[in-house]
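Participant:
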Amino acid sequence: MKFSAACRGEYTVAHLTPQQCGGNGQQCPTGYQCSSEFCCPTPDYLCNLRYDSGKFAVGGEKSDRYFYTSEYRTCMRFSFYGSLGNENNFADYNSCMRTCGPQQ
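Counting along the sequence shown from 1, when you hit position 55 you're at 37 in the numbering used here, and nothing is skipped either side.
1) Note down, one range per segment and in chain order, each alpha helix (DSSP H) of at least 4 residues found wholly within the region 12 to 83.
2) Tell me which same chain residues have a C-beta within less than 8 Å of the C-beta of THR24, skipping the five on either side of it?
3) Only counting the same chain, and skipping five residues up and downstream in sequence, which positions put a Cβ closer than 6 Å to that of ASP46?
4) Would TYR63 and SER35 be called neighbours here (beta carbons separated by less than 8 Å)?
5) Per DSSP, GLN2 is paired with what?
6) So, is GLY42 buried or exposed, given that buried needs 16 or more other C-beta atoms within 10 angstroms?
7) Looking only at its chain, what residues have a beta carbon closer than 6 Å to the beta carbon of ALA39, apart from the 5 residues adjacent to it on each side?
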């Protein structure tokens, strides 16, 4: 199973190597939960990370992405530089709000 399918993520994991968990006895770090065979960030964890613009990848260009801000309880646009960063990084506003926005 692929990491993105296991985590049902609409966020970007720009530099992380997925950590396996479950049957091998490994525990997930704080802020992550075991889903299938991978440690996936919990929405509470990733939605409270400060946005991180990352660094330029070799030959990369910046792109518009979205992060959730709990202060304003909405998603805002930022420029992502293609590498590094963190999981509070979504391709579009709707994906960001589905993951982090107030649930009705």
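Cβ coordinates follow ideal geometry from the N, Cα and C atoms, glycine included.
Facilitator: A quick look at the data gives this:
1) 25 to 28, 75 to 82
2) GLY13, TYR14, GLN15
3) ARG59
4) yes
5) PHE20
6) exposed
7) GLY64, SER65
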